[in-house]
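From first to last, the protein sequence lines are chains A and B. Numbered by this note's numbering, the letters in the first sequence go through residues 1 to 212 in order. Numbered by this note's numbering, the letters in the second sequence go through residues 213 to 424 in order. All C-beta atoms in this analysis are idealised placements derived from N, C-alpha and C, irrespective of residue type, glycine included. Bear in mind that the values here come from a model prediction, so they are computed numbers and not experimental data.
There are 2 protein chains.
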Amino acid sequence: MASRRFLGVLAGQDLPPDVLAAWCQSADFLIAADGAANMLIRQDIVPDVVVGDMDSLDPNIRAVLPKIIESEDQLTTDCDKLIAFAVAQGAESLTIAALEGDRFDHVLAATQSALRSPVPLRLVLRHGLGLIVHARQLTKLETNPGQIVSFIAMTECHNVVMTGVRWQPEPTLSPLGATSISNEAEGEEVSIQFTEGAGILIVKRDSTEPIW
Amino acid sequence: MASRRFLGVLAGQDLPPDVLAAWCQSADFLIAADGAANMLIRQDIVPDVVVGDMDSLDPNIRAVLPKIIESEDQLTTDCDKLIAFAVAQGAESLTIAALEGDRFDHVLAATQSALRSPVPLRLVLRHGLGLIVHARQLTKLETNPGQIVSFIAMTECHNVVMTGVRWQPEPTLSPLGATSISNEAEGEEVSIQFTEGAGILIVKRDSTEPIW
Numbered sequence: 001m002a003s004r005r006f007l008g009v010l011a012g013q014d015l016p017p018d019v020l021a022a023w024c025q026s027a028d029f030l031i032a033a034d035g036a037a038n039m040l041i042r043q044d045i046v047p048d049v050v051v052g053d054m055d056s057l058d059p060n061i062r063a064v065l066p067k068i069i070e071s072e073d074q075l076t077t078d079c080d081k082l083i084a085f086a087v088a089q090g091a092e093s094l095t096i097a098a099l100e101g102d103r104f105d106h107v108l109a110a111t112q113s114a115l116r117s118p119v120p121l122r123l124v125l126r127h128g129l130g131l132i133v134h135a136r137q138l139t140k141l142e143t144n145p146g147q148i149v150s151f152i153a154m155t156e157c158h159n160v161v162m163t164g165v166r167w168q169p170e171p172t173l174s175p176l177g178a179t180s181i182s183n184e185a186e187g188e189e190v191s192i193q194f195t196e197g198a199g200i201l202i203v204k205r206d207s208t209e210p211i212w
Numbered sequence: 213m214a215s216r217r218f219l220g221v222l223a224g225q226d227l228p229p230d231v232l233a234a235w236c237q238s239a240d241f242l243i244a245a246d247g248a249a250n251m252l253i254r255q256d257i258v259p260d261v262v263v264g265d266m267d268s269l270d271p272n273i274r275a276v277l278p279k280i281i282e283s284e285d286q287l288t289t290d291c292d293k294l295i296a297f298a299v300a301q302g303a304e305s306l307t308i309a310a311l312e313g314d315r316f317d318h319v320l321a322a323t324q325s326a327l328r329s330p331v332p333l334r335l336v337l338r339h340g341l342g343l344i345v346h347a348r349q350l351t352k353l354e355t356n357p358g359q360i361v362s363f364i365a366m367t368e369c370h371n372v373v374m375t376g377v378r379w380q381p382e383p384t385l386s387p388l389g390a391t392s393i394s395n396e397a398e399g400e401e402v403s404i405q406f407t408e409g410a411g412i413l414i415v416k417r418d419s420t421e422p423i424w
């Protein structure tokens with residue numbers, strides 16, 4: 001049996017509404033982080049649950065929500081709370097949409113929250129998908145030849161090996177050092193692995209159709 | 213004599229055009245990274261120079277540009293090239309606009325390029341300003357009481373001390389660990405220092421007026 005499709009929605013403003021709606025409609029379980037519920041309800045999409053500290057939830061919208069999990073912990077982001085809730089609900093993997101946009105501190109903090117996920121996590125981006133990749137984990141991605149693939153090291157990554165790409169990246173990639181931006185898939189699969197570190201594999205995708 | 217106001221413009225789409233124009237008009241020296249020149253010329257703003265690998269520069273726009281510095285190095289980003297050029301021109305500090313938007317891999321890679329700047333660098337964001345902060349450097353920022361301030365550790369930061377904020381952050385902040393999001397200035401100055409690491413101090417600002 002395929003695992004359930006868990007979709008978490010953040011309050012970023014930059015994902016086109018029709019793309020967000022398509023992802024929401026194709027999910028089995030929809031979790032909104034705090035103010036993301038405002039955005040969803042205004043698009044007539046009702047999340048299964050809303051999690052967060054509720055500091056940006058519109059009171060009128062609060063009244064129509066089926067379930068609210070309130071948490072005021074100042075040390076974790078709304079994205080951390082959303083991930084923890086999904087995992088507690090049995091999510092074996094998680095897809096997160098609407099990370100981009102709004103305040104840049106939120107965008108960076110949510111990206112770092114995604115890195116801390118205990119289950120495989122990917123991001124629905126305006127122009128593609130992002131996969132969180134950790135050390136000692138062989139990550140494979142289906143591609144079309146010529147598709148643009150970037151790997152951004154979010155901590156120092158050692159012994160990086162990519163297959164199926166036009167340019168082999170440097171063996172050590174890091175936030176302060178080398179990066180691997182706008183590489184190209186040569187065939188139908190790209191893989192990446194490394195022995196230490198964490199990062200995000202981002203694949204550019206023109207189609208906005210959800211894929212699970 | 214105050215140092216010259218160097219402004220670098222990237223090709224991100226998310227900074228409102230009027231805000232971008234105001235910053236460009238108040239700069240002494242305006243450098244566009246590659247495709248950012250398309251965006252500027254379409255707004256009738258002529259940069260002093262365009263740097264980058266020119267893979268996204270519109271040929272019609274190329275014809276009207278005063279000066280182009282072409283560099284095809286695949287190992288550095290357009291943002292790296294822009295910073296290196298500004299420093300070679302004598303920039304003692306650099307302000308970068310239009311980092312947000314477009315492709316998320318570009319946004320993250322440009323953020324990491326900003327971290328590598330050999331001169332003090334700040335980012336003009338949709339909702340404020342971002343200051344790159346390195347270890348062993350006391351960074352001060354003028355604030356209004358209540359102003360929202362976040363510090364995002366981009367590498368592991370040790371012995372972090374902030375003054376002038378409502379909540380003292382954890383002493384160690386890192387991309388995979390604790391963060392300091394949505395803190396609040398208590399008075400007219402916030403400072404931050406740490407002994408190892410690098411990060412971005414982001415201050416929310418409602419005014420879109422340039423400040424240098």
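Check: Going along the region 90 to 109 of chain A in order, which residues come within less than 9 Å of chain C, judged by CB to CB distance?; Outcome: Included in the structure are the protein chains A and B, with no chain C among them.
Check: From residue 185(A) to residue 353(B), what does the alpha carbon distance come to, in whole angstroms?; Outcome: 44 Å
Check: If you drop the 5 nearest sequence neighbours on each side, which residues of the same chain put their C-beta closer than 7 Å to that of residue 197(A)?; Outcome: 135, 153, 155, 156, 157, 158
Check: Alpha carbons only, please: which of 247(B), 278(B), 304(B) is nearest the one belonging to residue 291(B)?; Outcome: 247(B)
Check: Let me confirm a value: residue 23(A) is counted as buried when at least 16 other C-beta atoms fall within 10 Å, else exposed. Which label applies?; Outcome: buried
Check: Whole angstroms is fine: what's the gap from residue 183(A)'s alpha carbon to residue 149(A)'s?; Outcome: 5 Å
Check: If the criterion is Cβ atoms closer than 8 Å, does the pair residue 226(B) and residue 312(B) meet it?; Outcome: yes
Check: In this structure, does DSSP put residue 213(B) in helix, strand or coil?; Outcome: Because the pLDDT of residue 213(B) is 43, which lies under 50, any placement of that residue in the model is unreliable, and the number read from its coordinates should be weighed accordingly. DSSP places residue 213(B) in coil when its eight states are reduced to three.
Check: By how many angstroms is the C-alpha of residue 401(B) removed from the C-alpha of residue 383(B)?; Outcome: 20 Å
Check: Is there a Cβ from chain B that is less than 8 Å from the Cβ of residue 127(A)?; Outcome: yes
Check: Quick one: which unbroken beta strand (DSSP E) runs of 3-plus residues sit fully inside the region 8 to 45 of chain A? Chain order, please.; Outcome: 29 to 33
Check: Using the C-alpha atoms, what's the distance from residue 180(A) back to residue 265(B)?; Outcome: 16 Å
Check: For residue 416(B), name the three-state secondary structure that DSSP assigns.; Outcome: strand
Check: Who are the Cβ neighbours of residue 240(B) in its own chain at under 6 Å, not counting the five residues just before and after it?; Outcome: 216, 217
Check: Using CA atoms only, rank isn't needed, just tell me which of 338(B), 358(B), 326(B) is closest to residue 344(B).; Outcome: 326(B)
Check: In its own chain, which residues sit with a C-beta less than 8 Å from the C-beta of residue 95(A), not counting the 5 before and 5 after it?; Outcome: 5, 6, 7, 8, 23, 27, 121, 122, 123, 124, 212
Check: Tell me, please, whether the CB atom of residue 355(B) is closer than 8 Å to any CB atom in chain A?; Outcome: no
Check: Can you check whether the CB of residue 357(B) is closer than 8 Å to the CB of residue 302(B)?; Outcome: no
Check: Could you tell me whether any Cβ in chain A is nearer than 8 Å to the Cβ of residue 293(B)?; Outcome: no
Check: Given that residue 393(B) touches chain A, what residues does it touch there, using C-beta distances under 8 Å?; Outcome: 77, 105, 106, 109
Check: In this structure, how does DSSP classify residue 111(A) when only helix, strand and coil are distinguished?; Outcome: helix
Check: Suppose contacts are defined by Cβ-Cβ distances below 8 Å. Is residue 108(A) in contact with residue 31(A) by that definition?; Outcome: no
Check: Could you round the C-beta distance between residue 20(A) and residue 98(A) to whole angstroms and report it? I think they count as a contact, below 8 Å.; Outcome: 6 Å
Check: Using a Cβ-Cβ distance under 8 Å, would residue 213(A) count as near chain B?; Outcome: For residue 213(A) there is no data in the structure shown, the boundaries of chain A being 1 and 212.
Check: With 8 Å as the limit, tell me which residues of the region 215 to 236 of chain B have their beta carbon closer than that to any beta carbon of chain A; keep them in chain order.; Outcome: 226
Check: Here's the rule: buried if 16 or more other CB atoms are within 10 angstroms of the residue's CB, otherwise exposed. What is residue 147(A)?; Outcome: buried
Check: In chain A, which residues lie with their C-beta within 7 Å of the C-beta of residue 328(B)?; Outcome: 176
Check: How long is the line joining the alpha carbons of residue 118(A) and residue 87(A), rounded to whole angstroms?; Outcome: 8 Å
Check: Answer with buried or exposed for residue 407(B), where buried requires no fewer than 16 other C-beta atoms within 10 angstroms of its C-beta.; Outcome: exposed
Check: Taking buried to mean at least 16 other C-beta atoms within 10 Å of its own C-beta, is residue 228(B) buried or exposed?; Outcome: exposed
Check: Which residue's Cα is closest to the Cα of residue 175(A): 420(B), 323(B), 342(B), 355(B)?; Outcome: 323(B)
Check: How far does the beta strand (DSSP E) with residue 153(A) in it extend, from its first residue to its last?; Outcome: 148 to 153
Check: Could you work out which residues of chain A lie near residue 379(B), taking near to mean beta carbons separated by less than 8 Å?; Outcome: 74
Check: So residue 251(B) contacts chain A; which residues on that side make the cut at Cβ distance below 8 Å?; Outcome: What residue 251(B) touches in chain A: nothing, since even the nearest Cβ is about 17 Å away.
Check: Might you give, ordered along the chain, the residues of its own chain that have their beta carbon closer than 7 Å to the beta carbon of residue 37(A), omitting 5 neighbours on each side?; Outcome: 47, 50, 57, 61, 65
Check: Judging by CA-CA distance, which residue of 378(B), 375(B), 289(B) is the nearest neighbour of residue 231(A)?; Outcome: Outside the shown range of chain A, which is 1 to 212, sits residue 231(A), and nothing can be said about it.
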